[in-house]
Amino acid sequence: MLTSVFVYGTLKRGECRESLWPAAPASIQVGWTRGKLFHRHDYPAMQAGEDRVLGEFWSFSDDQMHEVLQVLDQIEGTNQPGFDDLYHRVHVEVYTPDNQPLGAAFGYHYATDPLDDGFTRVVPAEPEALVQWP
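Printed below as a string of structure tokens:
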């Protein structure tokens with residue numbers, strides 16, 4: 001089982017949902033993954049794509065991951081009985097800012113078209129430039 005989570009929005013250090021993590025991570029590293037990032041005033045959305053989205057790679061022990069994923073799935077509106085997903089939990093590959101592999105992690109992709117929900121696409125300033133929220 002994967003023991004890392006890639007976050008790019010309100011669950012990052014210093015953001016409004018940082019305190020909602022149910023366990024202390026073994027480590028947190030800055031990293032990026034491929035995707036398309038979307039901005040809205042209250043939170044971001046990401047979908048599959050080829051841009052380099054900057055975020056954080058949170059690593060946990062095996063015995064913490066079940067609880068971590070339960071809590072994050074609830075926060076992200078994923079796999080909640082009787083409700084459509086707001087986000088889908090996916091596997092992503094994460095790299096350091098200097099392009100060294102950090103490894104595979106769970107991530108969350110927006111389940112529907114973000115543009116339909118008032119998001120704006122964050123476009124890189126140049127090819128291979130990192131994009132981030134906020």
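1 is the number of the first residue of the sequence shown in the UniProt record's numbering; add one for each residue after it.
Heads up, the beta-carbon is just placed ideally off N, CA and C, and yes, glycines get one too.
This structure is a prediction, so every number in the text was calculated from the model and none was measured.
Coarse secondary structure for residue i, derived from DSSP in three states
i: serine 19; result: helix
i: methionine 65; result: helix
i: glutamine 74; result: helix
i: aspartate 116; result: helix
i: arginine 34; result: strand
i: arginine 52; result: strand
Proximity of residue i and residue j at Cβ, strictly below 7 Å
i: valine 94; j: threonine 33; result: yes
i: glycine 55; j: tyrosine 8; result: yes
i: methionine 61; j: proline 25; result: The question names methionine, but residue 61 in the sequence shown is serine. Cβ atoms of serine 61 and proline 25: not closer than 7 Å.
Counted within 10 angstroms of its Cβ, other Cβ atoms place residue i as buried (16 or more) or exposed
i: phenylalanine 123; result: Residue 123 is actually valine in this sequence, not phenylalanine. Per the 10 Å Cβ criterion, exposed.
i: leucine 20; result: exposed
i: glutamate 76; result: buried
Straight-line Cα distance separating residue j from residue i
i: alanine 117; j: leucine 102; result: Here residue 117 is aspartate; the residue named in the question, alanine, does not match the sequence. When rounded, the distance between both Cα atoms is 32 Å.
i: alanine 23; j: aspartate 84; result: 27 Å
i: alanine 45; j: proline 127; result: 20 Å
Inter-residue CB distance, residue i and residue j (contact presumed, cutoff 8 Å)
i: threonine 10; j: tyrosine 43; result: 5 Å
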